[in-house]
Structures are given as C-alpha cells and as structure tokens.
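Take a look at the structure below.
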Amino acid sequence: MSTLAARRPAFPPVEAADWAVGVSVCIPIGPGEAAWVALLADLRPLSAAGGRVICCGAGPRPEELPAEAEWATAPRANRAVQLNAAARACDGETLWFLHADSRLTAADLRAAVIQGRTLTRAVGYLRLAFDTDGPPLTRLNGWAANLRSRRFGMPFGDQGLMVSRSLWEELGGFDEAAPYGEGHLFAWAARRVGAPLIELPAAIVTSARKYRRGGWARTTATHLWLTARQAAPQWWAWVRGR
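Counting in the numbering used here, the sequence shown tops out at residue 913, every number present.
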C-alpha cells in the first residue's frame, strides 16, 4: 500500500552561514497567550542566520516582544486570519507557520529550515510530540498524529507546516471561514492541486495542556470526531477531482 505523504527525500545542501535566509516564521498569538516567549527563544538561531520571525495578533504589539521579532496586526483574533496576515506582512519565499505553544531544539530547527527552504510545490511538516505538561497518554496522540500524516496525508497545523510563498498564494492561504482545523484544510487544499506532503527530518513539540484541562479521553474523542467530520467532505472532493 503506497503512502500519501512522502518521507525524508534527499535535498541539496545549504551554505551554513545563511541557512535561514528567505525563511519567514509566522506565529499567531491569541489573547492572553504567553507560550510564545519560549518559542521565540528557540528561534533565535534562525534570526541570527538571516530568517525573520513575524508574530501576529488582533491588538497592539506586546511590550515584552523581543526586538528581533516583528509584529503584524490582524483584523480579528482568528488563527487562520492571523497566519495569513503574518504571511502578507513579510517577504520570505519560504513561509513556516508555527503555533505559539510549539518548541524546537536547535538541531531540529536547523534541520527543518535547511530541508524546508528547498520545497517548491510541496508542503513540509514535522514529526509531532507532546510536551510533558499533560497526561502521559498524550504520547499515543503524538504517535497517532504521525501515523495519520504519513499514511493518510493529513498533517495538522501544530506540526509546523512549511510552504513556498507561491504555493501559499496558489492555495489562497488558510481558510479564514473555518471554525477550526485551518492547517488540516490547508493540507487537503494542497492535495487537491497535486502538491505532495513531505515529512521533514525534524521533530516539533507542542503543548499537551488542553488534554490536562479537558481530560485525556474526552479531549481525544472530541478531536477524533471533529477531524472525521472535517475530513469526510474534503476526502470526497479530493476523490471526485482525481
């Protein structure tokens, strides 16, 4: 059985001194969100290597935002709206969309960028793991998310989607009318135009706090239901268009 998502293709090397040139990281920041502080610390090597970090929210620039991070104002507090606003505010040829509660090691950051900036008409994503701020069973959720991405071509936004600006524009950006799952819908839009989904050789850690707050079983069941409900019409549209 063939997989729908390609894994770890060979890419040409990139010069070490400028490994992040042309890469713009877009981070939506919600009201009262504070997890981005740790993420921006993780991204400092990218800024030093020529990359740009653009945070976006519906209000004014936070006073505590470090000088190396840029700020874009979105018309409303909606993640898809904020992701698109951040992308429009920068000039990077490679766009990397990260959730504010993501974490990256220096090695994974560099590996993802070096491989991801060679993407042309493809969407890159990272292997997912959950942080230790939730129930231990979230390890199963991370395993299932990676299986879902590799076997069924369904990466989500918390896996750090990376894409060329030209493909982002071709797909019309993220669906700002979607009540949830804007990254999931973006991956389906890519599949409909024949753009492959590629697992980059790096991992990203995301917060598991929602599983702690809502309970592991209830939160997992809710996510499975919402995913199935959103994926069914997308799958049918994709099948009909083949």
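Cβ atoms here follow ideal geometry from the backbone N, Cα and C, with glycine treated the same way.
Between the CA atoms of residue j and residue i - distance to the nearest angstrom
{"i": "residue 895", "j": "residue 697", "result": "27 angstroms"}
{"i": "residue 901", "j": "residue 712", "result": "34 angstroms"}
{"i": "residue 797", "j": "residue 734", "result": "31 angstroms"}
{"i": "residue 731", "j": "residue 771", "result": "17 angstroms"}
{"i": "residue 820", "j": "residue 826", "result": "5 angstroms"}
{"i": "residue 906", "j": "residue 829", "result": "21 angstroms"}
{"i": "residue 904", "j": "residue 689", "result": "42 angstroms"}
Top-ranked residue by Cα proximity to residue i, from the options
{"i": "residue 700", "options": "768, 867 and 764", "result": "768"}
{"i": "residue 849", "options": "834, 830, 897 and 814", "result": "897"}
{"i": "residue 759", "options": "886, 910 and 844", "result": "844"}
{"i": "residue 695", "options": "740, 751 and 703", "result": "740"}
{"i": "residue 710", "options": "842, 792, 754 and 777", "result": "777"}
{"i": "residue 752", "options": "852, 721 and 911", "result": "852"}
{"i": "residue 728", "options": "719, 718, 707 and 715", "result": "707"}
{"i": "residue 794", "options": "867, 755 and 744", "result": "867"}
{"i": "residue 882", "options": "736, 781 and 807", "result": "807"}
Coil, strand or helix - residue i by DSSP
{"i": "residue 795", "result": "strand"}
{"i": "residue 845", "result": "coil"}
{"i": "residue 892", "result": "helix"}
{"i": "residue 705", "result": "coil"}
{"i": "residue 904", "result": "helix"}
{"i": "residue 801", "result": "strand"}
{"i": "residue 689", "result": "helix"}
{"i": "residue 821", "result": "helix"}
heavy atom of the ligand SAM below 7 angstroms from residue i C-beta
{"i": "residue 873", "result": "In terms of ligand content, the structure shown is empty, and the ligand SAM therefore cannot be addressed."}
Please give the ranges of any alpha helix (DSSP H) in the region 728 to 789, keeping only runs that are unbroken, at least 4 residues long and fully inside the region. Listed in chain order, they are 750 to 759 and 777 to 787.
May I ask you to verify whether the region 784 to 802 touches the region 864 to 877, counting CB pairs closer than 8 angstroms and requiring at least 3? Yes, the region 784 to 802 touches the region 864 to 877.
Contained beta strand (DSSP E) runs [length at least 3] in the region 855 to 890, N- to C-terminal order: 868 to 877
When you compare the region 832 to 839 with the region 777 to 791, are there three or more beta-carbon pairs, one atom per stretch, that lie closer than 8 angstroms? yes
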